[in-house]
Amino acid sequence: MRAARVRVEVGERHELAPALPDLRRKQCDVEDARDGGREKRDPDAGDAACAQGLVAVEGAPEEHAGGEEHDNHEGEGNCAVVRAFDLSHGRYRTRTGSSCPGSAPLGDCSRHRPACPACRTRSGTGDTYHSPAHTATSDSLAEIVADDRGRPELRHLATELLGHPVGHLELVRRGSAAVFRAPVERVILRVHHIDDLPAVDAALHLASQLAEAGAPVVPPARPASVRADRFVATAWPLGQPVSDDGADDAAALGRTLAGLHAVVPPVDLPAPGVADRIRRRLKELDPTIPGEISGSLHAHAEAALDLLAGLPLNAAAGAVVLHGDAWPGNLVRLDGEHRMIDLDDLCIGPPELDLAPSLVTYRRFHRDSDRWEAFVDGYAGNPDWVLAGQLAVVRESQMNTWLASLWSTSAVARDELRHRVLTWDVDPSQQRPWRTI
Numbered sequence: 000m001r002a003a004r005v006r007v008e009v010g011e012r013h014e015l016a017p018a019l020p021d022l023r024r025k026q027c028d029v030e031d032a033r034d035g036g037r038e039k040r041d042p043d044a045g046d047a048a049c050a051q052g053l054v055a056v057e058g059a060p061e062e063h064a065g066g067e068e069h070d071n072h073e074g075e076g077n078c079a080v081v082r083a084f085d086l087s088h089g090r091y092r093t094r095t096g097s098s099c100p101g102s103a104p105l106g107d108c109s110r111h112r113p114a115c116p117a118c119r120t121r122s123g124t125g126d127t128y129h130s131p132a133h134t135a136t137s138d139s140l141a142e143i144v145a146d147d148r149g150r151p152e153l154r155h156l157a158t159e160l161l162g163h164p165v166g167h168l169e170l171v172r173r174g175s176a177a178v179f180r181a182p183v184e185r186v187i188l189r190v191h192h193i194d195d196l197p198a199v200d201a202a203l204h205l206a207s208q209l210a211e212a213g214a215p216v217v218p219p220a221r222p223a224s225v226r227a228d229r230f231v232a233t234a235w236p237l238g239q240p241v242s243d244d245g246a247d248d249a250a251a252l253g254r255t256l257a258g259l260h261a262v263v264p265p266v267d268l269p270a271p272g273v274a275d276r277i278r279r280r281l282k283e284l285d286p287t288i289p290g291e292i293s294g295s296l297h298a299h300a301e302a303a304l305d306l307l308a309g310l311p312l313n314a315a316a317g318a319v320v321l322h323g324d325a326w327p328g329n330l331v332r333l334d335g336e337h338r339m340i341d342l343d344d345l346c347i348g349p350p351e352l353d354l355a356p357s358l359v360t361y362r363r364f365h366r367d368s369d370r371w372e373a374f375v376d377g378y379a380g381n382p383d384w385v386l387a388g389q390l391a392v393v394r395e396s397q398m399n400t401w402l403a404s405l406w407s408t409s410a411v412a413r414d415e416l417r418h419r420v421l422t423w424d425v426d427p428s429q430q431r432p433w434r435t436i
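Sequential numbering of the sequence shown, starting at 0, is according to numbering that gives the first Met the number 0.
Pasting the structure below:
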């Protein structure tokens, strides 16, 4: 049965509008290749050489930069990061093919990774935050991704997982985990620090249970993790990433989410972790961020946190299994079916929390009504689209607090954050779209 079309006007807005006179005066646009390849930078931008080569991963809709949030930031595992980054030559590369100005080996290009405000070391994605106590974890992951040819622990883990020596491993991304692709064996290896062992095993077990219950998720390729001295690793099947710029894939995402939401949870699931993530990012805001911007981030985050605090978290109240980071970068084809990957954020909550990312993508980024209607038709249910619209501020706060983590390292990120804050409470149809970072 065809779902009723849901018409969401691009011009719908939040009722949060802090006064930003100084920010409006300082706003400057970074023009992309369509505008002739010129750039207008804030006079105090700095680090101009690296700004255009920013590499980060955030798993936010259209936020091709992670995360995590993979992703992150393009998501985890067998995700679209493989398309976006050419890492086979041991250098970070943007999707346009330009390499790091310093041509640094993998894991060594510190200029392309956001700094942890606590300890000033740098992580692989905007969503990996670590206090000084976690510096050893970050450093050891940096070692294992720097050059896999010289890492016996990585080779040992891969051999133990797959049962035979692995000929070639390609780094996909590094965040809270280092993610490698074994193209010959067609598997993804996720390598975590040994301190993460309980969480890794719990996520592995949950993914297996959901797959057995019929959920459209990629199941583990191996039922158990393998550990070495400092690391723990898991193996996952390598799926075929979908694109994120067409109606067909938008419809596939809607159908896949509907299938996930229909599964009866086989075990108790945690509450959404996005609130803790937003709070952590607010605490770690760079002190050099102008007050107008930090004030807007806090105001919108408070609205988001209030919404999250009132969400139903049990099945009797309509809560369902949630992916937690639902966007096309976390969708693949495997064995002829669409399945979700990057399962670290599985939780329970209202379905609208998984639908809000696609709504944000439509209103803030692509503004393609055909794609949006295809997603709605693919989902086909009768969710509360008003609630989904209200929850958009949750996704936007997640994205923009992540973008703020790049403030000290990227002029492009600074300019984009200024634009987003300026237009956050303005009719989106009257402003240029937000740009991916």
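Even for Gly, the Cβ is constructed at its ideal location relative to N, Cα and C.
Going by DSSP in three states, A220 sits in which element: helix, strand or coil?
coil
Could you check the C-alpha separation between L256 and D247 for me, to the nearest Å?
14 angstroms
Endpoints, the alpha helix (DSSP H) within which I187 is located
Per DSSP, I187 belongs to no alpha helix (DSSP H); it is in the beta strand (DSSP E), V186 to H192.
Count the CB pairs spanning the region 237 to 253 and the region 365 to 376 that are closer than 8 angstroms, and state whether there are at least three.
yes
For H192, count neighbouring C-beta atoms within 10 Å of its own C-beta (all shown protein chains included) and say buried if the count is 16 or more, exposed if not.
Buried is the call here.
In chain order, which continuous runs of the beta strand (DSSP E) of length 3 or greater are located wholly inside the region 247 to 326?
319 to 321
Indicate whether the contact test is met: 3 or more Cβ pairs, each with one atom in the region 234 to 242 and one in the region 281 to 289, closer than 8 angstroms.
no
Q430 by DSSP, collapsed to three states: which one?
coil
For W235, the first and last residue of its enclosing beta strand (DSSP E):
F230 to P236
Please identify the residue among A223, V190, P264 and V385 whose C-alpha is closest to the C-alpha of V231.
That would be V190, whose Cα lies nearest to the Cα of V231.
Expressed to the nearest angstrom, what Euclidean distance is found between the alpha-carbon atoms of V199 and P350?
25 angstroms
Under 6 angstroms Cβ to Cβ from Y361, same chain only, skipping five residues before and after it: list those, please.
W371
Can you confirm whether the region 269 to 281 touches the region 216 to 231 when touching is taken to mean that 3 or more C-beta pairs between the two stretches lie within less than 8 angstroms?
no
Please list, in chain order, all residues of the same chain as P432 whose beta carbon is under 8 angstroms from its beta carbon, the five residues on each side excluded.
R363, F364, H365 and R366
Can you give the beta carbon distance from P382 to L354, rounded, assuming they're within the 8 angstroms contact cut?
6 angstroms
On the criterion of 16 or more Cβ atoms from any shown chain inside 10 Å, does V428 qualify as buried, or is it exposed?
Position check: residue 428 holds Ser in this sequence, whereas Val was assumed. By the C-beta density criterion, S428 is exposed, having fewer than 16 other C-beta atoms within 10 angstroms.
Taking buried to mean at least 16 other C-beta atoms within 10 Å of its own C-beta, is N438 buried or exposed?
No answer is possible for residue 438: it lies beyond the span of the chain, which begins at 0 and ends at 436.
Using a Cβ-Cβ cutoff of less than 7 angstroms, which residues in the same chain neighbour V359 once the five nearest sequence positions on both sides are dropped?
P60, A391, R394 and E395
Taking its Cβ as the centre, do 16 or more other Cβ atoms sit within 10 Å of T408, making it buried, or is it exposed?
buried
Which of helix, strand or coil does DSSP assign to P240?
In the structure shown, P240 falls within a strand segment according to DSSP collapsed to helix, strand and coil.
Distance, Cα to Cα, A315 vs P269?
16 angstroms
Distance, L321 Cα to L209 Cα:
If I take the Cα positions, the gap works out to 11 angstroms.
So, do the region 296 to 314 and the region 322 to 337 have three or more beta carbon pairs nearer to each other than 8 angstroms?
These segments do not touch.
Can you tell me whether DSSP reads A177 as helix, strand or coil?
strand
Can you tell me whether DSSP reads H167 as helix, strand or coil?
Note: H167 maps to coil in three-state DSSP.
Determine the closest residue to L196 out of I340, R229 and A274, with distance taken between C-alpha atoms.
R229
In the structure shown, what three-state DSSP assignment does V183 receive?
coil
Rounded Cβ spacing between V216 and L342 (contact assumed at less than 8 angstroms):
6 angstroms
Give the single residue among P264, D275 and H299 whose Cα lies nearest to the Cα of G317.
P264
Quick one: measure Cβ to Cβ for L188 and L160, integer angstroms, because I've assumed they're closer than 8 angstroms.
7 angstroms
On the CB-based measure, 16 or more other CB atoms within 10 Å of its CB, does R185 come out buried or exposed?
exposed
Compare the Cα-Cα distances from L345 to each of A181, G272 and P164 and report the closest residue.
G272
Quick check on the burial criterion: 16 or more other C-beta atoms within 10 angstroms. Buried or exposed for E291?
buried
Look up R362 in the DSSP assignment and say whether it is helix, strand or coil.
helix
Name the two residues that bound the continuous beta strand (DSSP E) containing L390.
No beta strand (DSSP E) contains L390, which DSSP labels as neither H nor E.
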